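In our numbering, the protein residues as written are 41 to 195.
Glycine is no exception: its CB is placed at the ideal position from the N, C-alpha and C atoms.
In this text, all values refer to a predicted model and were calculated from it rather than measured experimentally.
The next block holds one structure in the form of structure tokens; read it before the comments.
Written out as structure tokens, the structure is:
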């Protein structure tokens with residue numbers, strides 16, 4: 041039985057590749073196996089010689105897959121870490137961070153002031169909304185929490 045091979049590229053930069061031999065199951069052999077026919081001794085001997093090499097190549101595949109999964113895991117970890125870093129930098133440079141504390145304090149106080157009673161909600165819901173607003177503002181981030189806690193007019 042002639043064995044061709046296929047080259048699987050692994051790296052575009054260094055041209056590393058994984059050579060994968062093809063072990064075609066010949067159609068007559070496949071049909072004989074499916075039909076439950078006995079194989080002649082020559083074909084049986086040939087199969088017995090091929091089976092260990094197939095196990096060896098299967099082991100090579102598993103080892104390469106494990107190695108690549110490790111690399112993929114490290115790449116994903118690096119990507120996630122970079123994403124968190126980017127989020128932190130974007131958060132730090134957000135326009136709201138450049139607002140003066142006095143302006144944020146005034147915005148917070150305005151948000152906590154009495155709201156007109158809406159026809160969609162009973163009056164008790166408006167009262168609950170008024171009492172929860174300072175808590176919501178204080179839960180956004182530590183900077184807003186410090187502003188909210190240092191502004192007694194909100195409470």
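Original post:
Along the chain, where does the alpha helix (DSSP H) that runs through residue 145 open and close?
Top reply: First-last of the alpha helix (DSSP H) with residue 145: 141-152.
Subject >> Residues that DSSP places opposite residue 59 in a beta bridge >> reply: The partner list for residue 59 (beta bridge, DSSP) reads 47.
Subject >> Residue environment, residue 140, which counts as buried when at least 16 other CB atoms sit within 10 Å >> reply: Counting Cβ neighbours within 10 Å, residue 140 comes out exposed, since fewer than 16 surround it.
Original post:
Quick one: what's got a C-beta closer than 6 Å to residue 169's C-beta in the same chain, skipping five residues either side?
Top reply: Model confidence at residue 169 stands at a pLDDT of 49, short of 50, so the residue's coordinates are unreliable and nothing is read from them.
Original post:
Out of curiosity, what's the CA-to-CA distance linking residue 50 and residue 119?
Top reply: Their backbone Cα atoms lie some 20 Å apart in a straight line.
Original post:
What residue range is occupied by the uninterrupted alpha helix (DSSP H) comprising residue 188?
Top reply: First-last of the alpha helix (DSSP H) with residue 188: 182-189.
Subject >> residue 152 classed as buried or exposed, judged by whether at least 16 other C-beta atoms fall within 10 angstroms >> reply: Classified as buried, residue 152 has 16 or more neighbouring CB atoms from the shown chains inside 10 Å of its CB.
**OP:** Quick one: give me the first and last residue of the alpha helix (DSSP H) that residue 136 is part of.
**Re:** No alpha helix (DSSP H) holds residue 136; DSSP gives it neither H nor E.
Original post:
Does DSSP put residue 71 in a helix, in a strand, or in coil?
Top reply: Helix at residue 71.
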